[in-house]
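Below: one structure, written as structure tokens.
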Amino acid sequence: MFDEDHILVDLKAKDKKEVLEELAQVITGHDPSLEKSSLVKVLLERERLGSTGIGDGVAIPHGKFQGIDQPIISFGRSRKGLDFESMDGAPAYLFFLLVAPENSASIHLKALARIAKILKNSSFRKTLMEASSREEIYRTIIQNDEEF
21 MFDEDHILVD
31 LKAKDKKEVL
41 EELAQVITGH
51 DPSLEKSSLV
61 KVLLERERLG
71 STGIGDGVAI
81 PHGKFQGIDQ
91 PIISFGRSRK
101 GLDFESMDGA
111 PAYLFFLLVA
121 PENSASIHLK
131 ALARIAKILK
141 NSSFRKTLME
151 ASSREEIYRT
161 IIQNDEEF
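Just so you know, the sequence shown maps onto residues 21 to 168 in the working numbering.
And the structure:
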């Protein structure tokens, strides 16, 4: 579900759409059968229903996507933070993108709940912000949840 190659240590994005594009590129860049523009469209449609910015500097954009057979996660960090229309009105810094197969409601919801749960831990969020490399971010995430 989660691979070290799916981590962006320093997002360049300046707005919500650019974050989604960068995180989608990480996923589609490793699977040429997936089309980035289609994935971004699915994610933007989900954002129109309500922001996936959950607060505390965290956003978990997600959507169901045709053409995959298991959930895929990418992660990005923005050191400056950006407006993701979060529930608390604060900028988001940590982004977990979850893409699930179209017919996988229970897997999708379980993965979302798991990500949200580990991100409630303020020391975990702080460690992710302070990590100096992709490897350190990956290790931190895996150590906090072996299900990834």
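Yeah, the Cβ is synthetic: ideal placement off N, Cα and C, and Gly gets one too.
- Taking only the alpha-carbon atoms, compute the straight-line gap between Pro111 and Glu156 and give it to the nearest angstrom. The straight-line gap from Cα to Cα measures roughly 23 Å.
- Glu167 to Ile135 span [Cα, whole Å]: Residue placement at Glu167 cannot be trusted, given a pLDDT of 49 that sits under 50; the coordinates are not used to answer.
- Task: Could you check if Lys36 is buried or exposed, using at least 16 other CB atoms within 10 Å of its CB as the buried criterion?
- Result: With 16 or more other Cβ atoms within 10 Å, it is buried.
- Which value, in whole angstroms, describes the spacing of the CA atoms of His50 and Ser106? Each residue's alpha carbon lies about 29 Å from the other.
- Who are the near neighbours of Arg154 in its chain, counting only those whose CB is closer than 8 Å to its CB and skipping five residues on each side? Apart from sequence neighbours up to five positions away, the residues of its chain that approach Arg154 with a beta-carbon distance below 8 Å are Glu24, Ile27, Val29, ordered along the chain.
- Message: With distance defined between alpha-carbon atoms, name the residue in Arg145, Phe85, Glu150 nearest to Ser124.
- Response: Out of Arg145, Phe85, Glu150, Phe85 has the C-alpha closest to the C-alpha of Ser124.
- Task: List the endpoints of the continuous alpha helix (DSSP H) containing Lys84.
- Result: Residue range 82-85 is occupied by the beta strand (DSSP E) that includes Lys84, with no alpha helix (DSSP H) assigned at that position.
- Under the rule that 16 or more other beta-carbon atoms within 10 Å means buried, what is Ala133, buried or exposed? The residue is exposed, with fewer than 16 neighbouring Cβ atoms inside 10 Å.
- Whole-Å CB distance - Ile93 paired with Leu54, under 8 Å assumed: Their Cβ separation, rounded to whole angstroms, is 14 Å, which puts Ile93 and Leu54 out of contact at 8 Å.
- Message: Suppose only complete runs of 4+ residues qualify. What are the alpha helix (DSSP H) ranges in the segment 110-149, listed by chain order?
- Response: Entirely contained in the segment 110-149, the alpha helix (DSSP H) runs reaching 4 residues are, in chain order, 125-139.
- Kindly indicate the opening and closing residues of the alpha helix (DSSP H) around Ser58. Run containing Ser58: 56-69, per the alpha helix (DSSP H) assignment.
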